[in-house]
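**Q** This is the structure, below, for whatever I ask next.
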Amino acid sequence: MAVETKRISLNTRGRDDICNITDEVARAVRSSRISSGVVTVFVPHSTAGITTIEYESGAVADLSRVIRRLIPEDPSYEHNRIDDNAHSHLRAAVIGPSVTVPFVNKELVLGTWQQIVLCDFDTHSRRRQVILQIVGD
């Protein structure tokens with residue numbers, strides 16, 4: 582069993598920016614020494630999450646709308662006493678920080694309409710890091 586760790590960096594706009602990172606993850610898997618296994622895609626930020634969705638403008642808009650309805654901006658959140666982004670942390674917690682995707686012969690095993698996305702919920706633009714842990718044979 583082999584393990585490789587790689588990083589992806591990207592600039593995001595914040596405010597529910599949803600970025601398709603599937604191609605970057607696929608490139609990292611193809612460039613690894615591992616032919617089959619799993620890749621864990623993890624974001625080490627408390628105001629961003631990783632999930633899969635069909636990366637189509639309607640589906641992306643619907644995801645943003647649902648997240649905003651579930652967790653609206655609300656000045657009464659306790660964390661807002663020290664910062665203005667409690668809703669960002671809560672949205673990221675609901676989405677989660679990672680997904681694990683299998684790959685076979687260096688190709689991700691995703692559904693036809695399934696892409697890996699980073700969701701940035703913070704209140705401002707920033708540079709995000711994504712950690713890829715590639716494990717297999």
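Be aware that the sequence shown starts at 582, since it is given in our numbering, and climbs by one per residue. A virtual CB, placed ideally from N, CA and C, is assigned to each residue, including glycine. Since we're looking at a predicted model, the values are computed, not measured.
The beta strand (DSSP E) that contains D598, what's its start and end?
**A** For the purposes of this step, residue 598 is taken as the residue at position 17 of the sequence shown. Taken as a continuous stretch (DSSP letters only), the beta strand (DSSP E) holding D598 covers D598 to N601.
**Q** Identify the continuous alpha helix (DSSP H) that holds D701 and give its terminal residues.
**A** If you number the sequence shown from 1, residue 701 lands on position 120. Premise fails: D701 lies in the beta strand (DSSP E), Q696 to D701, not in any alpha helix (DSSP H).
**Q** Just reading off the beta strand (DSSP E) that S590 is part of, what are its end residues?
**A** Taking the sequence shown and counting its residues from 1, one reaches residue 590 at position 9. Unbroken beta strand (DSSP E) run through S590: A583 to T593.
**Q** For S590, collect the residues of the same chain with a Cβ closer than 8 Å to its Cβ; drop the 5 residues on either side in sequence, then sort them by chain order.
**A** Here residue 590 is taken as the residue at index 9 of the sequence shown, counted from 1. Counting only Cβ-Cβ distances below 8 Å, and skipping sequence neighbours, we find R708, R709, Q710 and V711.
**Q** State the Cα-Cα distance for the pair N661 and T632, rounded to the nearest angstrom.
**A** To locate residue 661, count along the sequence shown from 1; it is residue 80. To locate residue 632, count along the sequence shown from 1; it is residue 51. Cα to Cα, the separation comes out at about 26 Å.
**Q** Does N686 pass the burial test, meaning 16 or more other C-beta atoms within 10 Å, or should it be called exposed?
**A** Within the sequence shown, numbered from 1, the residue matching residue 686 stands at position 105. When all chains shown are included, N686 counts as exposed.
**Q** Label R608 either buried or exposed according to how many other C-beta atoms from any shown protein chain fall within 10 Å of its C-beta, with 16 as the threshold for buried.
**A** Indexing the sequence shown from 1 puts residue 608 at position 27. So R608 counts as exposed.
**Q** Terminal residues of the continuous alpha helix (DSSP H) containing V675?
**A** The sequence position of residue 675 within the sequence shown is 94, counting from 1. A667 to I676 is the span of the alpha helix (DSSP H), which, as asked, contains V675.
**Q** Roughly how many angstroms lie between the CA atoms of T704 and S669, to the nearest whole one?
**A** Within the sequence shown, residue 704 is the residue found at index 123, counting from 1. Within the sequence shown, residue 669 is the residue found at index 88, counting from 1. Whole-angstrom Cα-Cα distance: 7 Å.
**Q** Nearest-angstrom Cα distance between V647 and V680?
**A** Taking the sequence shown and counting its residues from 1, one reaches residue 647 at position 66. Taking the sequence shown and counting its residues from 1, one reaches residue 680 at position 99. Answer to the nearest angstrom: the Cα atoms are 20 Å apart.
**Q** With DSSP as the reference, label R614 as helix, strand or coil.
**A** For this step, residue 614 is matched to residue 33 along the sequence shown. In the structure shown, R614 sits in coil (DSSP, three-state: anything other than H, G, I, E or B).
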